[in-house]
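Just below is one structure, and these are the notes that go with it.
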Amino acid sequence: MLDPKTGVPPRFLRTPDAARFLGISIRMLEKHRTYGTGPTYRKIGGRIVYALPDLQGWVENGVRRSTTDETPCHVFPTRPLTPAEKATL
738 MLDPKTGVPP RFLRTPDAAR FLGISIRMLE KHRTYGTGPT YRKIGGRIVY ALPDLQGWVE
798 NGVRRSTTDE TPCHVFPTRP LTPAEKATL
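Its first residue numbered 738, the sequence shown is counted upward by one per residue in my numbering.
What follows is the structure, given as structure tokens:
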């Protein structure tokens, strides 16, 4: 993804581009943002933007080698967190 004007990769992605980068729907990314379970974002003016390293880091939280892997980090589902889940943040 190169910026057509500058020819360099963007530092920040807007919600549609961030969702495409992650391979999820725009609505799912918006829900993650609403519930506080998604990647770190920035609000610049009225715009929501995501830094590429933040998106990559959020994806890395979900890395597993097996279905039985127990790791301290995980990607939460798109719903409000339970008190127990909030305690693990």
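Quick reminder that beta carbons are idealized off the backbone N, C-alpha and C, glycines included.
Contact fails between the region 779-793 and the region 811-826, because fewer than three Cβ pairs, one in each stretch, are under 8 Å apart. Here P776 is buried. Its C-beta has 16 or more other C-beta atoms within 10 Å.
Cβ contact annotation for R764 (same chain, cutoff 7 Å, sequence separation greater than five): none. Separation of the CB atoms of T774 and F813 is rounded to 4 Å, and the pair is thereby assigned contact status at 8 Å. Note on geometry: alpha-carbon atoms of T805 and G782 lie some 43 Å from one another.
Here A755 has L766, Y787 and L792 as same chain residues with Cβ atoms under 7 Å from its own Cβ, once five neighbours each way along the sequence are excluded. Shortest Cα-Cα distance from G760 to any of R748, V800 and V796 involves V796.
Residue state for R748 is assigned as coil, using DSSP reduced to three classes.
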